[in-house]
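Data block below; observations after.
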Amino acid sequence: MTASMDPTKPTKPANAPGPETAGERIDPTLLAGNRQALAGYAATHFHWQCEGGVATITLNRPERKNPLTFASYAELRDLFARLKYAADVHAVVLAGAGDNFCSGGDVHEIIGPLVRLAAPDLLMFTRMTGDLVKAMRGCPQPIVAAIDGVCAGAGAILAMASDLRLGTARCRTAFLFNRVGLAGCDMGACAMLPRIVGQGRASELLYTGRALGGEEGERWGFFNRLVAPEQLLAEAQAWARDLAAGPTFANGITKTMLHQEWSMTIEQAIEAEAQAQAICMMTEDFRRAYH
Numbered sequence: 481m482t483a484s485m486d487p488t489k490p491t492k493p494a495n496a497p498g499p500e501t502a503g504e505r506i507d508p509t510l511l512a513g514n515r516q517a518l519a520g521y522a523a524t525h526f527h528w529q530c531e532g533g534v535a536t537i538t539l540n541r542p543e544r545k546n547p548l549t550f551a552s553y554a555e556l557r558d559l560f561a562r563l564k565y566a567a568d569v570h571a572v573v574l575a576g577a578g579d580n581f582c583s584g585g586d587v588h589e590i591i592g593p594l595v596r597l598a599a600p601d602l603l604m605f606t607r608m609t610g611d612l613v614k615a616m617r618g619c620p621q622p623i624v625a626a627i628d629g630v631c632a633g634a635g636a637i638l639a640m641a642s643d644l645r646l647g648t649a650r651c652r653t654a655f656l657f658n659r660v661g662l663a664g665c666d667m668g669a670c671a672m673l674p675r676i677v678g679q680g681r682a683s684e685l686l687y688t689g690r691a692l693g694g695e696e697g698e699r700w701g702f703f704n705r706l707v708a709p710e711q712l713l714a715e716a717q718a719w720a721r722d723l724a725a726g727p728t729f730a731n732g733i734t735k736t737m738l739h740q741e742w743s744m745t746i747e748q749a750i751e752a753e754a755q756a757q758a759i760c761m762m763t764e765d766f767r768r769a770y771h
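Position in the sequence shown (from 1) plus 480 gives the number in my numbering.
The following block contains the structure:
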């Protein structure tokens, strides 16, 4: 068995180079177009910090409970899309500055202007917000949301679109779109929220717009666990470091399959997982775990 897994032995297929040599065989122009360094990214509309492969995105308008603007929506969308090509970011923490996560779209900088827009421009905005969620789900890095205080509207969507959620007992999450005359089907909520908390509970939150408290959210499965507010960011970053220290490629495959298998039959999912796992068995992470 050792010989069959050793990439230096003759039993290894000639067309399957080991990871230790594959990088040397890739054309530099191919690498340049598909591998980027993002650790040193300079954010404009939020705070970005990356250490040890863990990036922390902090929405940093604490005086307004960290609302989103047209500009921050667009920058977040573009950044998460670029993370697909980042070779130096292996996990992401999403947090809010101060005692709140995110209060949603800024009333003065988004809601006010929206009421004056024509239909094509409104669709441009709603597609942009949806593209942010697509980019979050499309990037291979696990996203850990650290949620405290107010988590409302689009802020609740950002939490929902993350892979893992840490909360506090005092946090309040509200999908309050119907309270401003809109449908609950915003940014994928009607597709994704039922997968997290169940159809009945998602219906309640989306029809009523009521706030989900931290302890209730943990019971419902929205939060993976609750921690003390003063420990929230540190706990989220520690969790992200554990993920970043794991098998990066395999974590990306897990995220992809968790997202895609909702539209598969059981038979299709099993076959897709067989193929995905066979690919993971070709990685150095698998070989290193064996040896």
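Don't be surprised by glycine CBs; every beta carbon is placed ideally from N, CA and C.
Leaving aside the five residues that flank ALA615 on each side, the residues in its chain whose CB is nearer than 6 Å to its CB run, in chain order, ARG557, PHE560, ALA561. Between ALA752 and MET737, the C-beta spacing is below 8 Å.
Under DSSP, the beta-bridge partners assigned to GLY693 are ARG652. Shown here for MET608: same chain residues with a beta carbon closer than 7 Å to its own, the five before and five after excluded, namely TYR553, ALA554, ARG557 in chain order. Straight-line spacing of the CA atoms in GLY668 and MET640 works out to 9 Å. In this structure, the alpha-carbon of ARG690 lies about 7 Å from that of LEU656. CYS760: member of the alpha helix (DSSP H) spanning 746-760, first to last residue.
With fewer than 16 other Cβ atoms inside 10 Å of its own Cβ, GLY661 counts as exposed. In the DSSP assignment, ALA535 falls within the beta strand (DSSP E) that extends over 534-539.
Minimum Cα-Cα distance from GLU531 among the listed residues TYR521, LEU539, HIS525, ASN540 corresponds to TYR521. The residue among HIS570, CYS582, PHE702 with its C-alpha nearest the C-alpha of ALA720 is HIS570. Within the same chain, Cβ atoms closer than 6 Å to the Cβ of GLU589 are found at THR549, the five residues on either side in sequence being excluded.
Under the 10 Å beta carbon count, GLY678 is surrounded by fewer than 16 other beta carbons and is classified as exposed.
The C-alpha of ASN658 lies about 7 Å from the C-alpha of LEU686. The criterion of a C-beta distance shorter than 8 Å is satisfied by THR653 and GLY697. Separation of ASN731 and GLY693 (C-alpha to C-alpha, rounded to the nearest whole angstrom) is 30 Å. The DSSP-derived three-state label of GLN740 is helix.
Excluding sequence positions up to five before and after ALA749, its CB lies within less than 6 Å of the CB of GLU741, all in the same chain and listed in chain order. If you look at GLU531, you'll find it in the beta strand (DSSP E) that goes 527-531.
Residues VAL572, LEU574, MET616, SER642, ASP643 of the same chain have their beta carbon placed closer than 7 Å to that of ILE623, with the five preceding and five following residues left out of the count.
Taking the CA atoms as reference points, GLY576 sits about 42 Å from ARG505. Uninterrupted beta strand (DSSP E) stretches at least 3 residues long and entirely within the segment 602-686 occur at 623-627, 630-632, 644-647, 652-654, given in chain order. Scanning PHE703, GLN621, PRO593, ARG767 for the CA closest to the CA of GLY533 turns up GLN621.
The C-beta of GLY584 has 16 or more other C-beta atoms within 10 Å across all chains shown, which makes the residue buried. Apart from sequence neighbours up to five positions away, the residues of its chain that approach VAL613 with a beta-carbon distance below 6 Å are ALA641, MET667, GLY668, ordered along the chain.
The three-state secondary structure of LEU518, taken from DSSP, is coil. Going by C-alpha positions, ILE627 is about 5 Å away from GLY647.
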